[in-house]
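Inspection log for the structure reproduced underneath, given as structure tokens.
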Amino acid sequence: MQGYTLSFILICLLVVHCVSHVVTCYDPQYKLATPISGIQQSYYAHCGSGGEIYVAHTVKSYVFVQYPNGTSVGLAGQFNSRGYSGDGGLAINAKLNSPMGLGFSKDGDTFFTENINNIVRKVDKNGIISTYGSAFSPVSLTMSETDDVLVGTDYSIKQIFKNGTNVRIAGASYGYGGDGSLAKDCKITSPRGITAAIGSIYFADAFNHRIRKIDKDGIVTTIAGTGTLGFSGDGGLAVNAQLYTPAGLDVLPTGVVFIADVNNHRIRRVSKDGIITTVAGTGTSGTSGDGSLATLGRIYGPSSISICPTNGEIIFATQSEIRKLIPFCDRFSSFNVSTHTCECWSGYHGAYCNSFECYNIPSNQSNVCSAHGQCSSRNNCTCEEGYYGNQCEMYECYGIKKNSSSVCSSRGVCTSPNYCSCSGGYYGNRCEMHACFGVEKNSSSVCSSRGSCASPNNCTCMKGYYGVSCQNFDCFGVKFDNSSVCSSHGRCASANNCTCHDGYYGNQCEMYDCFGIKKNSSSVCSSRGVCTSPNNCSCINSAYYGNQCESFDCFGVKFDNSSVCSSHGRCASANNCTCHDGYYGDQCEMFDCFGIKKNSSQVCSSRGNCLAPNQCSCREVEGYFGENCQLFKCKEILHNHSSVCSQNGKCIDVDECKCNEGYSGKNCEFTTCFGIEQYSTHVCNEGNGTCLSFDTCKCNNISKWMGESCNVTFCFDKLSNDSTVCNSQGECENFNTCKCMKGIVGEQCQYRYLTNSSMLLQFNASVDYVQFITSSLSFSIVQDNFLGYFNSSEQIELVIAYYIDDQFLSFHQFPLLSSNFTTSIPIGVTVGKLTALSYLIFKNQTIISDSVQTTSPISIHKYSNPSRTIVVSIPSTSEGRNDFAKEELMSGGAIAAAVVVPIVVVSILALIIILIVILVVVLMKRKSKARQPSNLKMWKWWKLPSPSSSDKSSNSIGGINSSGSSSTNNQVTAVPTERKKKSSDGLVRKLCCLCENEKGHPNGFLVATDQIKRLPSNLSFMVSDKHLDYLKKQRQAKNICCDQCWETKIQPIIGEFPSDPSSSNVNLISNNYSEENDNRRKITSPKSKQKTPKKKKSVLLPPPEATSFDQVFDRSIPERKKFLSQHVHPVLLNDICKGNKEAYQTLLEDLSLSPHFLIQNYRLESLLKPVRNVNRKITKSHITRYILKKRNENGK
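With mature numbering (1 follows the signal peptide of the UniProt record, and there is no 0) applied, the sequence shown covers -25 to -1, 1 to 1171.
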């Protein structure tokens, strides 16, 4: 009740003030300004008592204050850090979440809402923060007139008392309704901008598009807005106007309401009599108009309003900044902050302070300002033209004040500006005129034009004149009308002033000229005659002629002829030419072009004609131009331009470049880097860099290549030009690739290599017998200290392969501890010509020698006694056991045949029984393992090629040539995978599947391509360049599965495997496969029920037929066909051609498991890792078994 009384008293005092002082009050206008910019979604801004601006930054979740000097200080929260913490501590260390409404208590405490945290928080005057109360999704906040907190939630307004009590004072549910009834029962939707003023509570019902008021009795009413969103109503009653989501408001003590009309982008004002107007914004969103009238500027979605108590400025928050309205008034008035109105100055009155007086005469009376001006402001006259003075009482007549003694030439009275009333005998504007004998004083003829009219009819004659009207005068002592006056050549026009006849002049007309030159001048008659009378010359020389003796000739041409002096000079005198600039010669016939005579062959740079001094006509058709024809182009570029000739030469003529050293081409566009063309694939060391300019390479991969021509690289962390690279036993010819000297091998040329000339392999006999082998094979190294080169703890092994009639027999491997080694011929040889081949390997990985063959074969015979006497002899280990056997056989012996024959028969029968048992066991074991694709022994045939098929001159094994350098980096890893239904799996398909990444390998493509690159040269038939190209394309496509890859790409390349059993004649060898798969063929072959023909010794099958062979491998590569025909057993390939997937898998696995493919420094155990990723079963069943076998062979 007390608040209402105070507001009423204030309004009454305002009215009394305006009435008692005859003061007119009116509403101010506003200008726009932006005190704080660059703030996103500052929901609320409040103006403090000292002009400071408090801002609740909703998005960045902190509250700060900006002072009038521009300084900003944080009040609460941490910038851009959301949360809820800090109660009881400094507010600037707390975490807030979407602060919005702001309020300030009389005690100096600050209150604000946190919309997301659903609370109201308080910062006391010491900066300590606490939680004051709670409310659901609070937005707006203000302080009541009793200093309690008023909070607006989604649909209600609550009052939080100081004792913590929380009471709903308005809003029962969402919607609109309840005007005229209690506010707590009404419907509200999103109350915003709550303000307590003059005993009432004002708020914006945002989504009902209304401004509502709760009076002291708790009754709610609408004071602005129809409830329909839009814009209308300015100049009329606010209740009939349309608003669009109003969000903020503030109320003056006078009851004037300011509204932030958000989506209309305006600030609107409702006067105390209910009339609504727009005070800022055009209705279009934007940010403009600072410093200009607010109604002409653009604002962007104002969300809150606060009126500054110190200066009346209106602070409002927009979507991106804090702006303000600065009030201003018209002239003769001042802004009153307390009333927020414009008040007239003393002495002014009227609706807009436009009524006042001038020197006690009302401004609208006719006699104000002496009736000669307008009263423009209090005691300020704006005089009419010609009048001046405080009251416009003064004026002048032609620059002289009206009350001056000299006004109107002192011959009249100045009655108005520039108007004189003259005395008798005088006239004129200024009374300045009078006459002498009827002629005005200022007339040129007054007093005979020879005196002045001093006063009416009173002439004062000039010197030399006389008479009443000054009509008489003399010329040099002779009266003006005498015939001799003026030398008789003129008339006396005025005192001592002769007017001469034509052609005469001078004071007394004594002078005349001849054609403009005085008669007595030295130059008269062109200085070539005498002037006898005006314009009459008498020439003194016959060479000159003409009226003025002016004419003469130069070399037969008249001086004024246009062609005289070759038209390039003037004829100064007879036969004397003065040439124009740039011309010379007697007749000015010569001239130069840029210092060269016109008729010189070098004139105009020899590319044009010299037409005039320094004026060349160039042969433009030929491409020359410029003032001296000095310019031309090469390929449309000026010859002297920096970019001509590709910046690599000099343009010496039209389209003719003289290239600098190292450049060529018509435009010098070509160059070389160290003798190789710039764009060649071989430039900069085979494409290891880019040729930027002559002999200037930029290396592509500086971690691998450097040097002037990118020819320096690294081999195992040493520069290629380092003397110690490749162990000083080779050249680093590519990154980590050593080319070893002759006799050196190894990845880093770290091992010696033994040529076949340094080894000797020979049998100790030339004949032996299958019944009792007594011969031995010896191997020796004839090179000194070869084994000493290697560490004694490092293992060197001797590999020996035996052949019968050039057919592979067996394979053996022995540690080599000295330069000489001897071993017995293995038991089990058959009749034929036995040969052997050997080579050395180091650490079971690196071949360190050529292959060496026995110097001569040993013939193996089956011994037969002509007497058919059978002698049983126990073989001796001595070298003479062969002779002993022969002697026993030939002697007839002392042992009777009756004793020997029964023993032999029993032995044979026992042997037959044992063989039958073994055969049954083998057949059962083969049947149980029919689905196991491994053949562990089969790798041996791969180890060495047959002597007949190898190139004995090249002496190379496993991709290592006779020079000892490695021809390839041999590494193969077996990668088994699932089989396809109608085609056999192969290495290509496995790599394809790895490429497609279906088996889970994270780097399938890299593994696949690495496997291909590491295949040895003698295995290149497995994968062609087409396969590698396809794998690269699959890497890019990433969308073809294994089956699609096989069916659409790989299968057409290698062909289908036929099922036709007739195509079985393939001449390949693999004894192990033949022996161990005879029974398997009976199970898997389509003709398994047929009897297998008996194997004949040393009989080769016919050569392969093209139809079956080409369907297995690409026939277009002869090396593949040759390799298979010599190294794969016909049984194996026959089964492959019949579609036997197991046979094909066995081939691939044996290839993969062969130690021939284990590269240097690559341990057997490392095979487990890549294989395990694909097929764990094959890894365990093959690799593990292989390792165990190798250990048994080596005795470990």
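Just so it is clear, CB atoms sit at the ideal spot from N, CA and C, and this is done for glycine as well. All values derive from a computational prediction rather than experimental measurement.
Got a sec? Which residues, its chain only, sit under 6 Å from A66 by beta carbon, not counting five neighbours each side?
Excluding positions up to five away in sequence, the list reads A51, V98, G102, I104.
Assign residue 1220 to one of three DSSP states: helix, strand, or coil.
With the chain represented from -25 up to 1171, any question about residue 1220 goes unanswered, as that position is not in the structure.
Who are the near neighbours of L271 in its chain, counting only those whose CB is closer than 8 Å to its CB and skipping five residues on each side?
Counting only Cβ-Cβ distances below 8 Å, and skipping sequence neighbours, we find T257, G264.
Rounded to a whole number of angstroms, what is the C-alpha to C-alpha distance between S351 and S341?
Whole-angstrom Cα-Cα distance: 14 Å.
Using 10 angstroms around the beta-carbon of V38, count the other beta-carbons present and answer buried if the total reaches 16, otherwise exposed.
By the 10 Å Cβ count, V38 comes out buried.
Contact between the region 572 to 591 and the region 553 to 560 is defined here as three or more beta-carbon pairs at a separation below 8 Å; is this criterion met?
Yes, since at least three Cβ pairs between the region 572 to 591 and the region 553 to 560 fall closer than 8 Å, the two stretches touch.
Does DSSP classify K377 as helix, strand or coil?
Of the three classes helix, strand and coil, the one that applies to K377 here is coil, per DSSP.
May I ask which residues mark the beginning and end of the alpha helix (DSSP H) holding N660?
Element bounds for N660: 658 to 662.
Closest to D62 by CA distance: which of E120, S313, R425, R96 is it?
Nearest C-alpha to D62: R96.
Verify the CB distance criterion: does S695 have a CB-CB separation below 9 Å to chain B?
Here there is only one protein chain, and chain B is not present.
If you follow the beta strand (DSSP E) that F796 is in, where does it begin and where does it stop?
F796 -> beta strand (DSSP E) spans 795 to 799.
List the whole-angstrom C-beta distance separating Q723 from T830, where the pair is believed to meet the contact cut-off of C-beta under 8 Å.
Not really, about 35 Å apart at Cβ, beyond 8 Å.
Between the beta-carbon of A158 and the beta-carbon of I189, is there less than 9 Å?
It is a contact, given that the beta carbons lie within the stated cut-off.
Answer yes or no: do T117 and C328 have a C-beta to C-beta separation smaller than 9 Å?
Going by C-beta atoms, T117 is not nearer than 9 Å to C328.
Grouping DSSP H, G and I as helix and E and B as strand, with all else coil, what is S469?
In this structure, S469 counts as strand in the three-state DSSP scheme.
Please state whether the Cβ-Cβ distance between K133 and Y149 is less than 9 Å.
No, Cβ-Cβ distance for K133 and Y149 is not below 9 Å.
Classify H657: buried if its beta carbon has 16 or more other beta carbons within 10 angstroms, exposed otherwise.
With fewer than 16 Cβ atoms within 10 Å of its Cβ, H657 is classed as exposed.
Starting from the C-beta of G364, find all residues in its chain whose C-beta is less than 6 Å away, skip the five residues before and the five after it, and write them out in chain order.
So no residue of the chain qualifies.
Out of E332, Y107, F817, point me to the one whose CA is closest to K137's CA.
Out of E332, Y107, F817, Y107 has the C-alpha closest to the C-alpha of K137.
With DSSP collapsed to three states, give me the class of K188.
DSSP places K188 in strand when its eight states are reduced to three.
Going by alpha carbons, who is nearest to V126 out of S156, E120, T88, N311?
Nearest of S156, E120, T88, N311 to V126, Cα basis: T88.
Which value, in whole angstroms, describes the spacing of the CA atoms of F817 and I775?
Each residue's Cα considered, the two are about 14 Å apart.
Please report the straight-line C-alpha distance between C22 and N215, rounded to a whole angstrom.
Rounded to the nearest angstrom, the two C-alpha atoms are 31 Å apart.
Counting only the same chain and skipping the five closest in sequence on each side, list residues whose C-beta sits under 6 Å from that of S751.
Within the same chain, S751 has close Cβ partners N739, T797, S799.
With a threshold of 16 other CB atoms inside 10 Å of the CB of N536, please say whether the residue is buried or exposed.
Per the 10 Å Cβ criterion, exposed.
The beta strand (DSSP E) spanning D2 covers which residue range?
It is not in any beta strand (DSSP E) - D2 carries neither H nor E in the DSSP assignment.
What did DSSP end up calling S746 once you bin it into helix, strand or coil?
Residue 746 is actually Gln in this sequence, not Ser. Coil, per DSSP.
Give every residue of the same chain whose Cβ lies closer than 6 Å to the Cβ of Q788, excluding the five residues on either side of it in the sequence, and list them in chain order.
Hits under 6 Å: E772, V774.
Grab me the residues of S427's own chain with a C-beta within less than 6 Å of its C-beta, minus the 5 sequence neighbours each way, in chain order.
Excluding residues within five positions, the ones whose Cβ falls inside 6 Å are T435.
Per DSSP, which one or two residues make a beta bridge with D697?
Answer is none; D697 lacks a bridge partner.
Determine the closest residue to S175 out of I198, D160, T810, with distance taken between C-alpha atoms.
Considering only alpha carbons, the answer is I198.
Distance, Cα to Cα, I135 vs N92?
Approximately 17 Å between the Cα atoms of the pair.
Can we count I194 as close to the ligand ZN, meaning its CB is less than 8 Å from some heavy atom?
This structure lacks the ligand ZN, and indeed carries no ligand of any kind.
Can you tell me the Cα-Cα spacing of C568 and K641, whole angstroms?
Cα to Cα, the separation comes out at about 32 Å.
D670 and S684 - do their beta-carbons sit closer together than 9 Å?
Yes, the pair counts as a contact, with Cβ atoms nearer than the cut-off.
To which residues of the same chain is I301 closer than 7 Å at the C-beta, ignoring the five residues directly before and after it?
These residues qualify, in order along the chain: Y5, K6, A8, E288.
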